[in-house]
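First up is the structure itself, then whatever we jot down about it.
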Amino acid sequence: MNVQIAVDVGGTFTDLVLQESSGQIRTYKAPTTPGRIVDGILNGVELIADDFGLDRRELLRKCTRFACGTTAATNAILEKTYATTGLICTEGFRDILTVREGGKADTYTIAIDYPEPYIARHLTHGVRERMNSEGGVETPLDESQAIEAISQLRALGVESIAVCLLWSIANPSHEIRIGQLIEKHWPGIPFSLSHQTSPTLREYRRTSATAIDASLKPLVSRTVNELEARLRDAGLEGVLTLMASSGGQTAVDEVIARPINLCLSGPSAAPVSARTSIKAENEETCNAIVVDMGGTSFDISIIDDWQIPMHREGIIDGHVFGVASVEVKTIGAGGGSIARVDSGGFIHVGPESAKSVPGPACYSRGGTRPTVTDANLVRGFLDAGNFAGGTMTLDLAKARAAISEHVAESLDLSTEEAASLIGLSVEQNMVAAIDEITIKRGVDPREYVMVAGGAAAGLHAVPIARELGIKRIFVPPVAGVLSAFGILVSDIKSTFSRSVPLSTNAFDFAKANEALATLVGEAEAYLDRMKAPAGSREIQFSAEARYRGQVWQISLPFDMRRFESQADLQRLVEAFHQLHEKLYFVRSSDPVEFTEWTVVAIGKLPSADLKYGGAPSLPVAEKTRRSVYMRELGGSREIRVVDGTQLAPGTVVQGPALIDQPLTTIVLYPSTKATYSANGGVWIDLH
Amino acid sequence: MGSESLLQELSPPEVGIDIFTMVVLRRRFEAIIGEMINALFKSGRSGVLNTAMDFSCSLTDANFQSISLAQGLPVHVGAIDLIPRAVVDKFGTDIHPGDCFVNNSGYLGNTHCADFTVCAPVFVDDSIAFYVIARAHLGDMGFPTPTTYGPRSRDVYEEGLILPCVRIQKGYKDVPEVIDICRANIRVPDQFYGDYLAVLSAVRTGESRLKSLCGKYGADVVRTFVDEFQNYAERMARTAISNLPKGRLSKEMLYDSETELYPTGIPIRATIEVDPDEELITVDLTGNVDNLPLGINMTESTTTAACMTAVLNVLGADVPRCTGSFRRVKLVLREGAAIGKPKFPAATSAATTNLCHALIPHIQSMFADLRGDLGTAYGTIGMPGSCAVVSGNDPRGDRPFVNQLIMGYWGGPAMSGHDGWLTYGSGASQGILWQSSVEVVEQQQPIIIEKLEVRCDSAGAGQWEGAPGAECVIRPRSGAVRFMVNSASRDHPPQGVAGGTSAAPMQIARLDRDGQRSELPISVDAVIDVGEKLVSEGCGGGGFGDPLDRDADRVLQSVLAGRVSEERAKSIYGVVLVGDGAHRKLDYTATRECRAGMRRGASA
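Protein chains in written order, with the numbering used here: chain A, 1 to 687; chain B, 688 to 1291.
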């Protein structure tokens, strides 16, 4: 027997998914060990080994592939524990990271502090040099000044260097030269050059990406090398891969060279997970809004006709990381979100969170302010005696007191009504976040399925879907370990770009074809390094395009390796018109400009016939009845509670009902119907 | 406010709208405006539009009540109701589905002539339920010279194309004559038409979404929600005002003059009266000077928006910006005053910037006199040279260009507890504008930006420091480029309050081929040749509180960040540093002694 293992290290739990050679999937959860994440991973492996009656070394010997998602990069940025990094930029532009791109999240909030730059100004050195927008040299590089900058950064004790010069995307020679000078004058110091890290227009985005990349190099190489060493030590002989922001896996060496690709390591797997789960249901189409709801955050991603949209506007803690990543929108909304009523009598839920300490009032850890979890308990959606897989007992009286004091009394509502209002409000925040991502993508949610994963998914999925006009919800069998399963089933993937500005006015076919050929060459070389079999390879193309005069590009996918004729170009242009029209309702007769060309290299996993469930046993098993408060039922009613672990395929549960699953409860409102699939997934139809 | 009366207001018996519906509909309206903005943002053409976000989308109900203004430029949306009012005043019952009206007249409720404002009625059940409005600052609006602001214009006839609230679409189709007139007057007709389509796409998106909303929830429910939301906003404003101290204050400041009428500066006067018992704030501007023979006269729209912005800034971010909260602010304006309502044919093309930039912090600063932790210092007044409207011919492609740059529009005011926000600009936008990317600017215009960095010692000092201005150097690449700027803040830079100091003056200069510097006037219209450079030195924002009370470590950080020189750290802040360059550290003992000495000197 051979096995494959995927791991997603979260803040609280380390999720593991195992695939046997038969295609059987098994899921596990182990507590995360903060500061020593490899311990948590190995504990999880131990758990699996116990399940199979093997010792850990035996299990790892049988493991042909170990795929890992890690928040190491994300946490380093959030907690500002990244390396002290120096920045070398074009003289006269030392404040790029401070200025960012202007704008402010809320127009009317003026009593706030301006955010600090990712790299402090005193660690930033300008060097005399200048390219123009066509790549011509306006001012030659002053090498002595560059050497001086390197030596000053050394004296300041930086641990890594980022280099980003204006227009290095049009002519990288000065950046390359500075890279050589760093190697010569300070051999061994890690550094990143912007034209390699993120070859994209706009100096802030490129500088930010390069700064983040350089700052992560020491830490990522340390943690990833440790991970590999300890896994090898424990007996792993198979391939070790890491989940990248692109929604695909890549090799350890690639991650160490470009750690910025780890920025969205875990969340980027969620849509991949959803897509595979939907495919396993034998669905013919896949248009989905994927939501992952936990205790503190709510992540949203999209699947559009089996495709997972990518973007370059990913942000962590206010810093743009710039490289192509799966578009995931995150808001601070979850079980811990706190509810309050303002002086005008309006309710607000979040963004303030009780987190896990002091936590919701019902956790009895000292929290006194009402949270979403308190509201769900008061409404009867949660079982006080059996929370988080039975690991915790909740205090209903404390939840009622908090809601009553802070919400119900000031609005003159009953405690149950107030709990409903808290639920509705947080659901509206979630709806607004989904609106934002779907509007931006030109997606009409009514034509999409909602895939719900995470511990809080089942509690809020139906009202959110109803508000958005979504008619079907799918809770996959792997909902509790959504991202880990995505890591297991994601392909090998990496993205390669060049900034080659071309216009339909005077389209230079040779230049375009040369750029595409170079990129395809890089892609093939990558797939060679990844040892991807020839038959598994796929190359995807896209261009960043806009009408002349516009400054924001949109990503335009196309399927030509070369542009042979005017007709090929016309096909590309027509595709742009259609995309623009879909997104913004209008098309124009202006020339189309292409700023950047991108090739995605994919090595597809061998297809496997995955088997999800264990052997299902019983027809509808009614556990008990519970009193819940639903406005749709006109108040408090006893409704039935079904044991979700015991349902046979094809079983239909009519709402109103609660389906208890080990890690979540699915709340079926009236006029909904849940159907169990052969894989153990739950399809909820809304009428 | 007791919960009993509150509930009654939230749930009027005749319609029965409850707080659950309130929560849902509030989100829906925000989403609709978000969709309008997104439609406009990504498909606009001119740089100022699709990089700087110098546009706004809004909506009102049939009674001209605005709903959510949270997402627009303060100066754009603070009096948005004037736009549909102008449509109804002019067209009465002759308003039909598929109509769309365009207005750029400061006499018909618009902000200033460069703001191209379109408004479409939304019909539900054969009657108007809403108006949707999109306003965008275009790169060119047919001004006599290639700019969009004319601070030196003497009357409206020197301000170019006027669109006095006319129908631009009928039955969802363009009125070709109006488009033709626009195209014939605007220097970049294709760019204009692209921008028009973007603005139109915003209002049509809003129209279709509002119709669906009324279909889903019922027009009566939605209408009631709008009324109830105003009541809620008014309650929020009332509570905020009731917590302010009672008082009446008058204050005058001087604004950089370009008219012989006021050789030392144009006075700006305001009186505020805060009445916490009545829960009302009155702003009286009637004491201001008569309309000036300049384009800086404010319009009714910008005067109103400026006052609302300033007062609501003091009331806090939680109070919704809409008709309901505006009911707690009483404005007393005079027709024919430079700050008030313009008297025809006064010029108003710079009504959103110069005096408007001054008026907003002027009102805010008065609250600091009322209570020490309220209000703000003054932020940037007038545009720096790095926000020039540039024009010329681009040899790459041999085509004319005209566009406004938004770079180095910094210099936010300090306030109690917070240093100024760097990319704040003025109170008309308070940080919402995006700053142009240097690379995008150079791709779209044949110019090279040689420098764009914090200007050292430009910010006003204080316990809370103003944000610095920008130092920017621009040169043409291959042909002369015309720069037009409406600056200010030179003779009268942004002031500090509560013991904070003023910011450095704003400067704009020409460097000739030999590097000789010559200052340019406040209103710049200069052709810079190849080999010459334009130097822009932005003022910072004013400081708040006594500089000697500033945390010494923050002073060190400002020095390390290049914002404050070591000399100024010592002479103004009394902070003594040791070491060189990036290795500098605080000398605690010397700092304590220095500060003590300065305090004794001040009290002596």
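Virtual Cβ for every residue (Gly too), placed ideally from N, Cα, C.
Source: prediction; values computed, not measured.
What first and last residue would you give for the beta strand (DSSP E) that runs through B:D1194? It should be noted that the sequence gives Gln, not Asp, for residue 1194 of chain B. Its beta strand (DSSP E) spans residues Q1194 to L1198.
To which residues does DSSP link B:S1297 through a beta bridge? With chain B covering 688 to 1291 only, the question about residue 1297 of chain B has no answer from this structure.
Should A:I422 go down as buried or exposed, given a rule of 16 or more other Cβ atoms within 10 Å for buried? buried
Residue range of the alpha helix (DSSP H) that A:K104 falls in? Taken as a continuous stretch (DSSP letters only), A:K104 belongs to no alpha helix (DSSP H), as it is neither H nor E.
Would you kindly report the start and end of the unbroken alpha helix (DSSP H) that includes B:G902? P876 to Y904
Assuming B:I1050 and B:V998 are in contact, meaning their beta carbons sit under 8 Å apart, how far apart are those beta carbons, in whole angstroms? 7 Å
Closer than 9 Å by beta-carbon distance: list the chain A residues that pair up with B:M995, in chain order. The premise fails here: B:M995 is roughly 11 Å from chain A at the closest Cβ pair, so nothing lies under 9 Å.
Span of the beta strand (DSSP E) holding A:M243? V239 to M243
Quick one: does A:T98 have its CB under 8 Å from some CB of chain B? yes
Note down, in chain order, each residue of its chain lying with its Cβ closer than 6 Å to the Cβ of A:T330, except the 5 sequence neighbours on either side. Taken in chain order, the residues that qualify are S297 and D299.
Range covered by the beta strand (DSSP E) that runs through A:D8: V3 to V9
Identify the continuous alpha helix (DSSP H) that holds B:S1258 and give its terminal residues. E1253 to S1258
Start-end ranges of the beta strand (DSSP E) lying completely within the stretch 295-377 of chain A, minimum 3 residues: Here the runs fully enclosed are 298-303, 329-331, 337-341 and 347-353.
Whose CA, out of B:V1184, B:Q1130 and B:M1285, lies closest to the CA of A:F594? B:Q1130
Quick check on this structure: which residue in A:Q307, A:M630 and A:T285 has the alpha carbon closest to the alpha carbon of A:E327? A:Q307
So the alpha helix (DSSP H) A:Q688 belongs to, where does it begin and stop? The structure shown does not extend to residue 688 of chain A, since chain A spans only 1 to 687, so no value can be given for it.
Buried versus exposed call for B:H1270 [16 or more other C-beta atoms within 10 Å across all chains shown]: exposed
Members of the stretch 923-939 of chain B near chain A, C-beta cut-off 7 Å: From the stretch 923-939 of chain B, only M923 and T926 have a Cβ closer than 7 Å to chain A.
Excluding the 5 residues flanking B:P1155 on each side, which residues of the same chain have their C-beta closer than 6 Å to its C-beta? For B:P1155, same chain residues with a beta-carbon under 6 Å away, outside a window of 5 residues either side, are V1141, R1142, S1145, A1146, G1227 and R1250 in chain order.
Looking at A:A534 and the ligand PLP, is the gap between the Cβ and the nearest heavy atom below 7 Å? This structure simply doesn't include the ligand PLP, nor any ligand for that matter.
Neighbour-count burial assignment, B:Y859, 16 or more Cβ in a 10 Å radius: exposed
Below 8 Å, how does it come out for the stretch 568-582 of chain A and the stretch 467-477 of chain A: are there three or more Cβ pairs, yes or no? no
Rounded to a whole number of angstroms, what is the C-alpha to C-alpha distance between A:Q19 and A:L488? Approximately 8 Å, taken between the alpha carbons.
Less than 8 Å between CB atoms is the rule here; does B:L1273 satisfy it with respect to chain A? no
May I ask you to list, following chain order, the residues of the stretch 298-331 of chain A that have a beta carbon less than 8 Å from some beta carbon of chain B? none
Short CB-CB distance (under 8 Å) between A:K440 and chain B: With 8 Å as the cut-off, A:K440 counts as an interface residue toward chain B.
Whole-angstrom Cβ separation of B:A1239 and B:T1188, contact assumed at under 8 Å? That pair is no contact at about 17 Å.
Indicate whether the contact test is met: 3 or more Cβ pairs, each with one atom in the stretch 894-902 of chain B and one in the stretch 917-931 of chain B, closer than 8 Å. The stretch 894-902 of chain B vs the stretch 917-931 of chain B: no contact.
By the criterion of Cβ-Cβ separation under 7 Å, what are the contact partners of B:G1118 in chain A? K104
Kindly indicate which three-state DSSP category A:S221 falls into: helix, strand or coil? Here DSSP, grouped into helix, strand and coil, assigns A:S221 to helix.
Does A:Q661 come out as helix, strand or coil in the three-state DSSP assignment? coil
Helix or strand or just coil, what does DSSP make of A:F594? strand
Given A:T675, which residues of its chain have a CB within under 6 Å of its CB, disregarding the five upstream and five downstream residues? V652 and W683
How would you call B:Y1275, buried or exposed, if buried means at least 16 neighbouring beta carbons within 10 angstroms? Residue burial annotation: B:Y1275 is exposed, with fewer than 16 other C-beta atoms found within 10 angstroms of its C-beta.
Enclosing beta strand (DSSP E) for B:I1161 [first to last residue]: A1157 to P1163
Inspect the beta-carbon positions of A:L153 and A:I119 and report whether they are closer than 8 Å. no
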